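Notes follow the structure.
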Amino acid sequence: RSLVSQLLYLGLPMLQGVLSQHKRFCVVFKKILCTNVSAVVFYILCFTLEIRLSYLRMYLLSKTGENLFSREMYHYPLSTWG
Numbered sequence: 135r136s137l138v139s140q141l142l143y144l145g146l147p148m149l150q151g152v153l154s155q156h157k158r159f160c161v162v163f164k165k166i167l168c169t170n171v172s173a174v175v176f177y178i179l180c181f182t183l184e185i186r187l188s189y190l191r192m193y194l195l196s197k198t199g200e201n202l203f204s205r206e207m208y209h210y211p212l213s214t215w216g
């Protein structure tokens, strides 16, 4: 299989779980930030970064057979990587 189809195959079930978790996250953000526009923009940036890190983690896991990222690093990508 190609890399893209492999990523989609690995990522789609996980993406559904991430989306369900992030719905509540997004609601909290709208309450914190005054304007909905800035909340949505910031949410999309965070969400995109987390999805990319998730794909990277899945890809490395499939290639090496090892979990190179700890669960803490996966759940807190902004604070850990930033």
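Heads up: the sequence shown at position 19 corresponds to 153 in the numbering used here, and the numbers run straight through without jumps. Ideal placement from N, C-alpha and C gives every residue a C-beta, glycine not left out. Small disclaimer: the values here were computed from a predicted structure and weren't measured.
Secondary structure at S136: coil, using DSSP grouped into helix, strand and coil.
A direct Cα-to-Cα measurement between R191 and F176 gives close to 23 Å. By the Cβ neighbour-count rule, S188 is buried, with 16 or more other Cβ atoms within 10 Å of its own.
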